[in-house]
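Using mature numbering (1 follows the signal peptide of the UniProt record, and there is no 0), the letters of the sequence shown correspond one by one to residues -20 to -1, 1 to 455.
Quick reminder that beta carbons are idealized off the backbone N, C-alpha and C, glycines included.
Below is one structure; the comments refer to it alone.
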Amino acid sequence: MKFIPEITLLLLLFVHSSQAKGKRRKCPEGAWSEGKIMNTIMSNYTKMLPDAEDSVQVNIEIHVQDMGSLNEISSDFEIDILFTQLWHDSALSFAHLPACKRNITMETRLLPKIWSPNTCMINSKRTTVHASPSENVMVILYENGTVWINHRLSVKSPCNLDLRQFPFDVQTCILIFESYSHNSEEVELHWMEEAVTLMKPIQLPDFDMVHYSTKKETLLYPNGYWDQLQVTFTFKRRYGFYIIQAYVPTYLTIIVSWVSFCMEPKALPARTTVGISSLLALTFQFGNILKNLPRVSYVKAMDVWMLGCISFVFGTMVELAFVCYISRCQNSVRNAERRRERMRNSQVWANGSCRARSNGYANGGSIISHYHPTSNGNGNNNRQDTPLVTGRGSLHRNGPPSPLNLQMTTFDSEIPLTFDQMRSSSPPPPSGCLARFHPEAVDKFSIVAFPLAFTMFNLVYWWHYLSQTFDQNYQ
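Structural data, given as structure tokens:
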């Protein structure tokens, strides 16, 4: 690229001359006008690849004017740039003509009539030339045949989104420049010394641009090797919004769910309301965040946090169910003890005394029947009932009845039961119940264990994700 120093010198002389005088210089007599020079050049010009011993060297630079928002749903970003191309075409040289200036600003209507490398952004989704009101295109022709073209473009370009660290993620967006019509044997693309220039500090609503880099690659296509220039912009997300809108509310929701541990176990409706309300609040917050993100299949940092918080709230509901189960077991044991006590009071004890229903009395006396088994000739036992009717406060019996020979009517059944049958009819205490646990003790344990577990979860979560954010190298 032997013409680059000469071009730089011409540009410096042009800028210096403009700043020193501040007005156009009047051409001397005998000098050709710009229109006459261009008519002479274009009359002998053919729009073909410039003649050169080597491929045409095209130098590219961009000036970043502004950037739009980065969209996670469509995975792209918008950027306004000044796109500059510089190459040499000896057929456009007018150094041999009597010109009063060393450069000519051409009209854009002449641009389609001269050869261009047809450089394009092959990965852009949409590219438009600003028109305010006419197209923002500048074409400068230098006397040695160097062409300088500048376009003011609005570009929508894709981004390589990786949301595993969201909302502590770092994203990269790429612009790729390539000659659409000529391979590297005909046209070679190069970055200028200052390939990318920021015209002002770039600030996005959700991101900070922390770095940009350029590189050149050569790709193999079916019709040869093609030069490709890439510029990569690196954005780091501002996670302050998510701290306020997502993390702080979830902290408060988790703390509210622990209030149920301070309620007594019998306050089942209140404890259930607190747990369900906390679970619904977390679910709503989670869905509100996910609706602004693409539907990716991998797990994000926000997913880990929200699912962890939902698990803790679900754990409080499980603890409530466990406390209710223990309370039910204890109530079952107490009810069984009451039934056994009531049955014990209704049983017949020593000397055949018993307590019967009030309607079992007849004429102020009590009716008790006992039987004596007798055997017939066939070996069968015949039941013989002998009612004993006694007066009020007295009882006559033919000897003390044996427990095996005594029958009575209980409170619960009209079927006569023996003494041993009555003893076996009382229900045993429930088996397998966790009656040895106390609901209050479980709540006291939970009010300590849940905050400790949540603290450990926070330490691991923040250490893992923030350490990766701080350790990233953007170079």
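Less than 8 Å separates the beta-carbon of F292 from that of F430. One Cα belongs to F146, the other to A281, and the distance between them is close to 5 Å. Taking 8 Å as the cut-off, the Cβ atoms of P419 and P138 do not count as close. With 16 or more neighbouring CB atoms inside 10 Å of its own CB, C153 falls in the buried class.
Rounded to whole angstroms, the gap between the alpha carbons of F450 and S307 is 50 Å. The distance from the Cβ of E52 to that of K136 is about 14 Å, inconsistent with a contact at the 8 Å cut-off. For A250 and F221, the gap between their C-alpha atoms comes out near 33 Å. In this structure I61 does not touch L209 by the C-beta definition: roughly 13 Å separates them, more than the 8 Å allowed. Taking C-beta separations shorter than 7 Å and ignoring five residues to either side along the sequence, the partners of M179 in its chain run H43, V44, Q45, following chain order. M297 sits in a helix when the DSSP states are folded into three classes. In this structure, D423 places its C-beta atom within 8 Å of the C-beta atom of V303. Cβ neighbours of V176 within its own chain (closer than 7 Å, five residues either side excluded): I42, V44, Y192, T194, V211. Secondary structure at D69: coil, using DSSP grouped into helix, strand and coil. Taking all protein chains shown into account, H76 has fewer than 16 neighbouring C-beta atoms within 10 Å of its C-beta and is therefore exposed. The three-state reading of DSSP puts N315 in helix, counting H, G and I together. If the five residues before and after I102 are omitted, its C-beta is found closer than 6 Å to the C-beta atoms of I156, E158, all from its own chain and listed in chain order. W12 is bridged by DSSP to A79.
Straight-line measurement puts the Cα of R275 at about 14 Å from the Cα of F266.
Here the region 76 to 85 makes contact with the region 9 to 19; the two share three or more CB pairs at distances below 8 Å. Between the beta-carbon of M28 and that of W95 there is about 6 Å, and that keeps the pair under the 8 Å contact cut. Taken through DSSP and simplified to helix, strand or coil, H444 comes out as helix.
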